[in-house]
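Here is the structure we will look at, set down as structure tokens.
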Amino acid sequence: MKKILLLSDTHSHIDDAILKYVNQADEVWHAGDIGDLAVTDAIKKLKPLRGVYGNIDDDKARMEFPLNNRFFCEGVEVWITHIGGYPDKYNPAIRAEITKNPPKLFICGHSHILKVQFDKKLNLLHMNPGACGKYGFHQVRTMLRFEIDGDKIQSLEVIELGKK
41 MKKILLLSDT
51 HSHIDDAILK
61 YVNQADEVWH
71 AGDIGDLAVT
81 DAIKKLKPLR
91 GVYGNIDDDK
101 ARMEFPLNNR
111 FFCEGVEVWI
121 THIGGYPDKY
131 NPAIRAEITK
141 NPPKLFICGH
151 SHILKVQFDK
161 KLNLLHMNPG
171 ACGKYGFHQV
181 RTMLRFEIDG
191 DKIQSLEVIE
201 LGKK
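Residue numbers for the sequence shown, in my numbering: 41 to 204.
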């Protein structure tokens, strides 16, 4: 079993509130718009990190992180990308691939809107953790945490970090 902390859209912001939850996880996944790599460096000092770059990220972030990150965590195939859309409105850049070869868990960021939704057509779980940074139109900073146990995604929690 792995305890996962999922965050996105830090926009160069990292603080003790975020790091407290990093310490409680087995792995941290970042769905893009990292901003300053000091954010991911701080996380990597504490826990293993998987991530993708987002549309605001510079060439340094793009050299360290891929646009799309597909991998298995335990028995769950995961796909993380920054601009992914959501069920019935997937980003045209990934629509053909997600339709042809859907993962069990699809994660994106970008919208700053926390959303967890099951896609019945593709039989996958879609997650967007919202934004935990202080830049953007969101009012409350959010992250998600959950467990992957074999092929099960369970114990999903929304973490609210307060107003930005």
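Where a beta carbon is used, it is the ideal one built from N, C-alpha and C, also for glycine. Quick caveat: nothing in here was measured; it's all calculated off a predicted structure.
Status (buried if at least 16 other CB within 10 Å, exposed otherwise) for residue i
i	result
Met183	buried
Leu47	buried
Ser195	exposed
Phe146	buried
Val68	buried
Asn168	buried
Ala78	exposed
Supposed contact pair residue j and residue i - C-beta distance, whole angstroms, cut 8 angstroms
i	j	result
Asp191	Val118	Actually they do not touch by this definition, with Cβ atoms about 12 angstroms apart.
Arg185	Pro143	Actually they are not in contact, since the Cβ atoms of Arg185 and Pro143 sit about 19 angstroms apart, beyond 8 angstroms.
Leu162	Ile138	7 angstroms
Proximity test, Cβ basis, 9 angstroms: residue i and chain B
i	result
Leu162	Of the protein chains in the structure, only one exists, and it is not chain B.
Residues near residue i in its chain [Cβ-Cβ closer than 8 angstroms; skip 5 each side]
i	result
Asp97	Gly72, Asp73, Ile74, Gly75 and Phe105
Gly202	Ala57, Val180 and Arg181
Other residues of its chain near residue i: CB distance less than 7 angstroms, five sequence neighbours each side excluded
i	result
Thr80	His70, Ile74, Leu89 and Gly91
Asn131	Ile123, Gly124 and Gly125
Between the CA atoms of residue j and residue i - distance to the nearest angstrom
i	j	result
Lys85	Ile58	14 angstroms
Val62	Ile83	7 angstroms
Ile134	Gly124	7 angstroms
Lys204	His178	8 angstroms
Lys140	Lys100	32 angstroms
His166	His152	14 angstroms
Cys113	Tyr175	30 angstroms
Asp189	Lys160	22 angstroms
Asp49	Leu154	11 angstroms
Pro127	Ile120	15 angstroms
Same chain, Cβ closer than 6 angstroms to residue i, five either side skipped, listed in chain order
i	result
Lys43	Ala65, Asp66 and Glu187
Ile208	Missing from the structure shown is residue 208; the chain here goes from 41 to 204 and no further.
Legend entry - Length at least 4, wholly inside the region 107-168: the alpha helix (DSSP H) runs in chain order: 132-140
Legend entry - Complete beta strand (DSSP E) runs within the region 45-108 (minimum length 3 residues, chain order): Runs found: 67-70 and 89-91.
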